[in-house]
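In our numbering, the protein residues as written are 171 to 293. Beta carbons: idealized from backbone N, C-alpha and C, even for Gly. Comments concern the structure below.
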Amino acid sequence: MADLKALAETLVGLTVKEVQELADVLKADYGIEPAAAAVVVAADGGGAAAVEEKTSFDVILVSGGASKLGVVKIVKELTGLGLKEAKDLVDGAPKPVKEGISKAEADDLVAKLKEAGAEVEVK
């Protein structure tokens with residue numbers, strides 16, 4: 171079992187060039203054709219997940235800013251919360267205003283909140 175773990179650690183540590191050389195040896199000497207997806211994942215160092223574009227965003231209210239009343243009004247309007255809930259959200263910052271929304275909706279929300287004087291970030 172220790173030998174397999176050592177082998178796995180060696181494979182994970184291979185450079186892109188070394189992975190390509192390994193694929194060539196496996197194909198030439200053993201007749202093993204690497205799967206296309208496996209070569210892509212190995213070739214980019216396992217960062218395939220990092221290449222995927224994010225589709226869901228969270229808008230976080232960092233601070234209500236100087237004009238909290240204006241920010242409360244915007245939060246109430248954009249989230250459908252009641253006045254008390256919107257005020258509690260702004261007073262309790264940093265808190266998420268909306269979660270799991272599209273990039274366009276997040277950008278629109280951020281623009282309106284910043285216009286009202288809030289400090290906002292998108293995650």
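In the assembly as shown, K293 is an exposed residue. Its beta-carbon has fewer than 16 other beta-carbons within 10 Å. E269: member of the beta strand (DSSP E) spanning 265-271, first to last residue. The shortest C-alpha to C-alpha distance from E285 to any of A193, V241, A276, E179 is the one to V241.
According to the DSSP secondary-structure assignment, S233 is paired through a beta bridge with E289. Below 8 Å, enough C-beta pairs join the region 267-274 and the region 222-238 to call them touching: three or more. Cβ contact annotation for K268 (same chain, cutoff 8 Å, sequence separation greater than five): D228, V229, L248, T249, E275, A276, L279, in chain order.
Taken atom to atom, the span from the alpha-carbon of K175 to that of L181 is near 10 Å.
In its chain, beyond the 5 residues on either side, V260 have a beta carbon closer than 6 Å to the beta carbon of K238. Between A288 and G252, the gap from beta carbon to beta carbon reaches 9 Å or more.
For E203, same chain residues with a beta-carbon under 7 Å away, outside a window of 5 residues either side, are K197 in chain order. Counted as a single uninterrupted DSSP element, the alpha helix (DSSP H) harbouring K257 occupies residues 253-261.
Put simply, the backbone Cα of D199 is about 16 Å away from that of E188.
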